[in-house]
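A.B. asks:
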Amino acid sequence: MPFLPLLVLLAGITLLISRRRYRAIADRESSRVIVGGHTYSESVGNGQSSVREGKVESIHSACIIGAGPVGALTAVVLASQNLHVRFHVVDDDPRLITAWNSDRLPVCEPGLDELAFEDHAVASVSTANTKTAKYHFLNIHAGIAASDLIFLCVDPPLDNSSGDETPGLDLTNLKAAIRAIAQVSAGHKIIVHRGTGPSGIVPRIKKMLKKTASPSASFEVLSNPEFLVPGTAIRDLLYPVRIIIGHIFSEDMSPEALTALKGLYAWVPEDRIITMDAWSSELGKIAASAMLAQQTSSIQSLRALCESTNANITHIEQIVGALSAIRHGAGGSSLLRDVGCLVYLARELGLPEVAEYWREVLKMEAYQVRRLAQRISGSLTRGEERRDVAVLGFASKWNTIEIGHTSVARLVRELTCSGVKVDIYDSHVSKEQIERALGLVSGHLDAVTVVEDLHAACSGCSAVVLHTDWDEFKENRLDWEKVAGEMESPKVLCGPHGMLDRQRMEKLGFKVL
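Dropping the structure here:
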């Protein structure tokens, strides 16, 4: 036994020496930036390893331009994982800033409140009020000037001004954000495009900045597309399937910029962080949405066939193996924007057949909304004085209040154009948000009323459209017999397939579409 203490001492010395040797080796090796399957030095040659003067190597302050769901949720999650970085969220809409600085957040996502109001998360997003400070919602110029890295999370609205059935993109807001960056930037900044935009937007942004910014400013422009699904956005950000970072291949490309951006995703497994050229990054994001939109369009066409026969769309989906994202209602404005980007790109590249192919996907989406409106209005007797329709739920899907350019806004437009009055109720979406979304579509909006009580919406109406499957509308939560008693004939009811028992609803007196 006298040898035991000696053995323990020798083991400790060996462990200490090994640990120091490991640290020395780690310190000598710089982090590898993989570009298209090669290290940066292999891509541009000369084995450059030193940090260039003026380049941003690590992020201390970041600015997110765009306080919509993508921008604000990105800020909240990144702030929770990067306690050393201060995040500034800016927007030119003061109502959004006010909403984010309040106790009632303008986005409803599972897990958001826990992250947004946690002490460690709130400790580093800068807010204009006294609540705290891990992400601030403030003036756009102040946020840009204070930051090393700027996320462009401005989603351009759909532009229907041409009258074309295929909407384009209005890049006015995005261009304004780029001008703001150019006006106040000094030194080197990393610009990361994260919103929706036509493919090729990264080189376009770089060209605009080079043309309009001060000579004392320099920029590295990257692409970091989001793949968020409303209702699971926080989970998608915390546990991403992949993080895509796109960049422009050039002699002056900065490995420090790639490393700095990758550093914000340090909690994500390294094999899920993929770098590639910016064109592939942008087109890949659009293509992912377009493929989902294509399959959604196919299901919608099959639904129309089912409604004209005795087939059940749920059974059809089981047979063809429809994606869960389609069955759970993924879609909305982001898919339309991305498909519109594909149409625009194909036209610009002189590929009319490709443009027409994806245009048909958009036409099917518009057809489905128009067809539903026609079925509802057609079931109402025109001789009646009152032809009111109650729309229950305005959010694009359950567990989110993403509303921009949702199908229900277009449905309301179609109904009002046919002479129907519409009452809208959604306890999760404010009256101001609904009216703002409705203002984005043309139609007889004087025939639309946003109410704050469900029974006020249904009382005296002839049809109920159950748009969002909120829990409060489910059979075991809502007294549908009372709703039927408040309605006028013919008591039309339509909603998400499978949410309500059709036979039970018909026994209560509803005419189920």
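Counted the way mature numbering (1 follows the signal peptide of the UniProt record, and there is no 0) counts, the sequence shown spans residues -18 to -1, 1 to 495.
The beta-carbon is built from N, C-alpha and C at its ideal position, and this holds for glycine as well.
Between the Cα of Ile47 and those of Ser389, Cys135 and Ser84, spot the shortest distance and give me the residue it belongs to.
C.D. replies: Residue numbering aside, residue 47 sits at position 65 when the sequence shown is read from its first letter. The shortest Cα separation from Ile47 among Ser389, Cys135 and Ser84 belongs to Cys135.
A.B. asks: Which one of Ala168, Ala195 and Leu219 has the shortest CA to CA distance from Arg176?
C.D. replies: Residue numbering aside, residue 176 sits at position 194 when the sequence shown is read from its first letter. Answer by Cα proximity: Leu219.
A.B. asks: Got a sec? Which residues, its chain only, sit under 8 Å from Ala162 by beta carbon, not counting five neighbours each side?
C.D. replies: Locating residue 162 in the sequence shown gives position 180, where the first residue counts as 1. So the list reads Ile47, Ile122, His123 and Ile126, once near-sequence residues are dropped.
A.B. asks: If you draw a straight line from the C-alpha of Ala57 to the C-alpha of Lys403, how long is it?
C.D. replies: Against the sequence shown, residue 57 aligns to sequence position 75. Against the sequence shown, residue 403 aligns to sequence position 421. Distance between the alpha carbons of Ala57 and Lys403 is about 40 Å.
A.B. asks: Helix, strand or coil for Leu65, going by three-state DSSP, please let me know.
C.D. replies: On the sequence shown, residue 65 is found 83 positions in, with the first residue counted as 1. Here Leu65 sits in coil by DSSP.
A.B. asks: Let me know the secondary structure DSSP gives Met190 once reduced to three states.
C.D. replies: Within the sequence shown, residue 190 is the residue found at index 208, counting from 1. Helix at Met190.
A.B. asks: Which of the three DSSP states is assigned to Gly228 in this structure?
C.D. replies: For the purposes of this step, residue 228 is taken as the residue at position 246 of the sequence shown. Strand at Gly228.
A.B. asks: Counting C-beta neighbours from all protein chains within 10 Å, is the total for Gly169 16 or more, i.e. buried, or is it exposed?
C.D. replies: As a working note, residue 169 is residue 187 in the sequence shown. The residue is exposed, with fewer than 16 neighbouring Cβ atoms inside 10 Å.
A.B. asks: Please report the straight-line C-alpha distance between Thr398 and Ala429, rounded to a whole angstrom.
C.D. replies: The count along the sequence shown starts at 1 and reaches residue 398 at position 416. The count along the sequence shown starts at 1 and reaches residue 429 at position 447. Near 6 Å, if we compare the C-alpha coordinates of Ala429 and Thr398.
A.B. asks: Compute the Euclidean distance between the alpha carbons of His70 and Ser129, then round it to the nearest angstrom.
C.D. replies: Position 88 of the sequence shown holds residue 70. Position 147 of the sequence shown holds residue 129. One C-alpha to the other measures close to 8 Å.
A.B. asks: Please report the straight-line C-alpha distance between Ala293 and His449, rounded to a whole angstrom.
C.D. replies: On the sequence shown, position 311 is the one that residue 293 refers to. On the sequence shown, position 467 is the one that residue 449 refers to. Their Cα atoms are separated by approximately 22 Å.
A.B. asks: Kindly identify the DSSP beta-bridge partner or partners of Val465.
C.D. replies: Translated into the one-based positions of the sequence shown, residue 465 becomes position 483. In the DSSP output, where bridge partners are listed per residue, Val465 has none listed.
A.B. asks: Among Lys171, Ser167 and Pro180, which residue has its Cα nearest to the Cα of Leu156?
C.D. replies: Position 174 of the sequence shown, counted from the first residue, corresponds to residue 156. The candidate whose alpha carbon is nearest that of Leu156 is Pro180.
A.B. asks: What is the residue span of the beta strand (DSSP E) that Leu448 lies within?
C.D. replies: Taking the sequence shown and counting its residues from 1, the one referred to as residue 448 is at position 466. Segment Ala445 to Leu448, the beta strand (DSSP E) holding Leu448.
A.B. asks: Grouping DSSP H, G and I as helix and E and B as strand, with all else coil, what is Glu91?
C.D. replies: As a working mapping, residue 91 is identified with position 109 in the sequence shown. If DSSP states are grouped into helix, strand and coil, Glu91 belongs with coil.
A.B. asks: Smallest Cα separation from Pro207: which of Arg224, Pro197, Arg217 and Ala199?
C.D. replies: Position 225 of the sequence shown, counted from the first residue, corresponds to residue 207. Looking at the Cα atoms, Arg224 is the closest of the given residues.
A.B. asks: Among Ile416, Gly421, Arg418 and Met469, which one has its Cα closest to the Cα of Gly442?
C.D. replies: Indexing the sequence shown from 1 puts residue 442 at position 460. That would be Met469, whose Cα lies nearest to the Cα of Gly442.
A.B. asks: Below 8 Å, how does it come out for the stretch 275 to 283 and the stretch 339 to 357: are there three or more Cβ pairs, yes or no?
C.D. replies: Contact between the stretch 275 to 283 and the stretch 339 to 357 is present, because at least three Cβ pairs lie under 8 Å.
A.B. asks: By DSSP, does Gly213 sit in helix, in strand, or in coil?
C.D. replies: Reading the sequence shown from its first residue, position 231 is the one you call residue 213. Correct three-state label for Gly213: coil.
A.B. asks: At the level of alpha carbons, what is the spacing between Val250 and Val184?
C.D. replies: As a first step, residue 250 must be located in the sequence shown, where it is residue number 268. As a first step, residue 184 must be located in the sequence shown, where it is residue number 202. Taking the straight line joining both Cα atoms gives about 24 Å.
A.B. asks: Using only alpha-carbon positions, find the residue among Pro472, Lys489, Pro478 and Ser471 that is nearest to Trp462.
C.D. replies: Counting from 1 along the sequence shown, the entry for residue 462 is found at position 480. Nearest of Pro472, Lys489, Pro478 and Ser471 to Trp462, Cα basis: Lys489.
A.B. asks: Quick check: what's the CA-CA separation for Gln300 versus Phe209?
C.D. replies: As a working mapping, residue 300 is identified with position 318 in the sequence shown. As a working mapping, residue 209 is identified with position 227 in the sequence shown. Each residue's alpha carbon lies about 25 Å from the other.
A.B. asks: Quick check on DSSP: helix, strand or coil for Ala98?
C.D. replies: By 1-based counting over the sequence shown, the position of residue 98 is 116. Reduced to three states, the DSSP call for Ala98 is helix.
A.B. asks: In terms of residue numbering, what span does the beta strand (DSSP E) encompassing Thr431 cover?
C.D. replies: Residue 431 sits at position 449 when you count from the first residue of the sequence shown. Counting along the chain, the beta strand (DSSP E) containing Thr431 begins and ends at Val430 to Val433.
A.B. asks: Across which residues does DSSP place Leu475 in a beta bridge pair?
C.D. replies: Here the question's residue 475 lines up with position 493 in the sequence shown. For Leu475, which the question treats as bridged, DSSP gives the partners Val446 and Val494.
A.B. asks: Find the nearest neighbour of Ala328 within the set Glu91, Cys476 and Gly182, judged by alpha-carbon distance.
C.D. replies: In the sequence shown, residue 328 corresponds to position 346, counting from 1. Among Glu91, Cys476 and Gly182, the Cα nearest to that of Ala328 is on Gly182.
A.B. asks: Which residue comes first and which comes last in the beta strand (DSSP E) that contains His175?
C.D. replies: For the purposes of this step, residue 175 is identified with residue 193 of the sequence shown, where counting begins at 1. Where His175 is concerned, the enclosing beta strand (DSSP E) stretches over Gly169 to His175.
A.B. asks: Verify whether the separation of the beta carbon atoms of Ser400 and Val474 is less than 8 Å.
C.D. replies: To locate residue 400, count along the sequence shown from 1; it is residue 418. To locate residue 474, count along the sequence shown from 1; it is residue 492. No.
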